[in-house]
Each structure stands twice: as structure tokens, then as C-alpha cells.
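Last residue of the sequence shown: 234 (our numbering), numbering continuous. Below is one structure, written out as C-alpha cells, with a few remarks after it.
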Amino acid sequence: MNIRRLQWFSVALLLSLIALSVAWELWLAPLRPGGSWLVLKVLPLLFPLRGMLHGRRYTFQWTTLMIWLYFTEGVVRASSDRGLSAWLAALETALSLTLFASCAAYSRYSAPSRSKGASTL
């Protein structure tokens with residue numbers, strides 16, 4: 114497994130989720146015409162960006178916990194909203210699940226015990 118590819122795939126997923134959330138709440142299907150304050154939900158997604166860009170394993174680990182908030186929002190809104198908003202929520206759910214899997218895989222494969230020369234029991 115190429116750990117660098119996994120890192121950049123995770124960063125791309127995070128940026129996609131940020132872009133989706135901003136576009137959704139400001140232009141595509143906001144709760145109120147002209148945009149809504151719900152766009153502020155993007156702010157917690159900005160916190161792991163720097164750590165992920167630098168390949169910090171701990172950041173990937175806690176991102177797997179934080180991402181469940183976005184998964185939950187996506188599932189709830191996909192089942193309660195109608196039209197474009199429901200489709201965007203389904204996309205948010207898919208991106209969240211994929212980001213979770215990617216961050217979990219990065220955390221697993223970047224573990225110090227997996228480095229060359231580490232002894233195994």
C-alpha cells in the first residue's frame with residue numbers, strides 16, 4: 114500500500130467534502146434563499162486539513178471520529194429532505210464514509226509497528 118497516495122486521497126476527500134458543504138449551503142440548495150448560516154458547519158472540517166497535509170497520523174485518527182457528525186447529517190437529511198438537497202446529502206454520506214475508510218487505512222498502515230525493521234510478535 115502506497116501511504117503517500119492514501120494521504121493525498123484523504124486530503125482530496127476532505128477538500129471535496131468542504132467544497133460540497135459550502136456549495137450546498139450557499140448556492141445549490143440552501144435552507145433559506147440566498148444562503149444560510151449552516152455553511153458554518155464547514156469550520157470543523159478545516160481543523161484537520163493542516164495535519165493531513167503534513168501526514169500526521171494522530172490527525173487522521175481523530176478525523177475518523179469527527180467525520181461521523183457529517184455522516185449522520187447526511188443520512189438524516191437524505192431521508193428527510195427532498196429534491197437536490199436529498200441528493201447532496203447522499204453525496205455527503207458517501208464522501209464521509211469514504212473519508213472514514215481512507216483515514217482509518219492511513220492510520221493503520223502508517224503505524225510505527227508497520228515500519229521496516231520493526232519486530233512482530
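Ideal Cβ placement from N, Cα and C applies to all residues, glycine included.
Whole-number beta carbon distance between residue j and residue i, since they are thought to touch under 8 Å
| i | j | result |
| --- | --- | --- |
| V155 | I131 | 6 Å |
| P157 | L127 | Not really, about 11 Å apart at Cβ, beyond 8 Å. |
| G187 | A202 | 5 Å |
| S129 | L197 | Between L197 and S129 the Cβ distance is about 17 Å, and since that is not below 8 Å, they are no contact. |
8 Å Cβ cutoff met for residue i and residue j
| i | j | result |
| --- | --- | --- |
| S123 | L204 | no |
| G148 | E138 | yes |
| V184 | L210 | The residue asked about is misnamed: residue 184 is Phe in this sequence, not Val. Against a cut-off of 8 Å, the Cβ pair of L210 and F184 comes out as a contact. |
| A218 | L119 | yes |
Closest Cα partner of residue i within the set the options
| i | options | result |
| --- | --- | --- |
| W121 | A136, S134, R163 and L144 | R163 |
| A224 | L151, G168, S129 and S134 | G168 |
| T206 | R190, D194 and S215 | R190 |
| R117 | L182, T176 and R170 | R170 |
| A214 | D194, T177 and L151 | T177 |
| L182 | S134, A125, N115 and L119 | S134 |
| W175 | N115, S226, R227 and S220 | S220 |
| D194 | T172, A142, Y222 and F173 | A142 |
| A125 | R227, T172, L166 and S226 | L166 |
| F173 | R227, S226 and Y222 | Y222 |
TODO: For the region 139-204, list the beta strand (DSSP E) runs that are entirely contained and at least 3 residues long, ordered along the chain.
DONE: As far as the region 139-204 is concerned, it has no whole beta strand (DSSP E) run of at least 3 residues.
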